[in-house]
Amino acid sequence: MEKRREESKGGWMKLEVPFIKQTTDFNCGPVALQMIFSYFGGIESLDSIEENCGAKESNAISTVTLAVCAKDFGYNVDLMSDSFEIDESLLDLEYYKKHGGTDWIKEGKKKIEEAKQKGVNLVEKELELDELLGKLSENCVPIVLVDWSYVKGTPEKGYQGHFVPLVGFNEKNVLVHNHGKLNTTEFLEIPREIFDKARTAKGTDGDILFLYNSN
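Heads up, the sequence shown stops at 1312 in my numbering, and the numbers go up one at a time, no gaps.
Put into structure tokens, the structure is as follows:
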């Protein structure tokens, strides 16, 4: 399998990350992990990933939970975020009111401490889009938390969290696997400006999980 194609001037890249469709409304994170694990040669099942993450059908999963899961399965992980302070104002967003869970703040703080103890590299930084794309390679694939309402063109309807694996780019667009249950599309092209708004919207904290090939 050709894992990477890259123009010599860096104008485009496309990684042949296997595409897997999510099976519930809220397992986009575990399925994103499974796609990248598979790309790196792993054989982890979705059930085992979801069990590690404590996935529940009606609750959102945090980025740091995905980071701890990847570390538990033996992958090196960097987690970049604008801030690792738990922003309680996020509970003002309807999405987190409904799907954050009753102990979302407390559990988030515990997961951050667990990530530190397990050796997840936590980097507090606002990453520019060019920096993000520059880190993409056959040995480093990011999962980006985005507000999908921007991609759909309906930000006025409120925050809609979605984890997507970043699998390529060209001069005008970013390529992601949209493995959601609606409008499922592999190698979906999103204009760079829209993707940048989606990944920096309130509710995302600019969270990006970088997974590295350990095989």
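The beta-carbon is built from N, C-alpha and C at its ideal position, and this holds for glycine as well.
Residue i, enclosing alpha helix (DSSP H) - first and last residue
i: T1282; result: Careful: T1282 lies outside any alpha helix (DSSP H), inside the beta strand (DSSP E) at T1282 to P1288.
i: F1134; result: C1125 to Y1136
i: G1250; result: No alpha helix (DSSP H) contains G1250, which DSSP labels as neither H nor E.
i: E1228; result: L1226 to K1232
i: L1272; result: No alpha helix (DSSP H) contains L1272, which is instead part of the beta strand (DSSP E) from N1270 to N1275.
Three-state class that DSSP yields for residue i in the structure shown
i: K1111; result: strand
i: N1149; result: helix
i: D1144; result: helix
i: N1310; result: coil
i: G1197; result: coil
i: S1105; result: Because S1105 sits at a pLDDT of 30, beneath the cut-off of 50, its placement in the model cannot be relied upon, and the following sentence gives the value as read from the coordinates. Coil, per DSSP.
i: D1122; result: coil
i: I1305; result: strand
i: S1159; result: coil
Beta-carbon gap between residue i and residue j smaller than 9 Å
i: G1258; j: W1245; result: yes
i: F1044; j: N1312; result: Because the chain spans 1098 through 1312 in this model, residue 1044 falls outside it and cannot be assessed.
i: G1216; j: K1168; result: yes
i: A1129; j: H1276; result: yes
i: V1220; j: D1175; result: yes
i: F1170; j: G1139; result: yes
i: N1149; j: N1236; result: no
Residue span of the beta strand (DSSP E) that contains residue i, given as start and end
i: L1176; result: N1173 to S1178
i: V1241; result: C1237 to D1244
i: V1261; result: G1258 to F1266
i: V1220; result: N1218 to E1221
Identity of the residue in the options nearest residue i by Cα
i: V1248; options: K1118, G1205, V1261 and A1212; result: V1261
i: K1207; options: L1190, L1187 and F1181; result: F1181
i: D1184; options: Y1172, W1201, M1177 and K1195; result: W1201
i: E1290; options: H1274, E1268, S1234 and E1283; result: E1268
contact_flag[the region 1289-1309, the region 1231-1246] where n(CB pairs < 8 Å) is 3 or more | yes
Could you tell me whether the region 1123-1131 touches the region 1148-1163, where touching means 3 or more Cβ pairs closer than 8 Å?
-> yes
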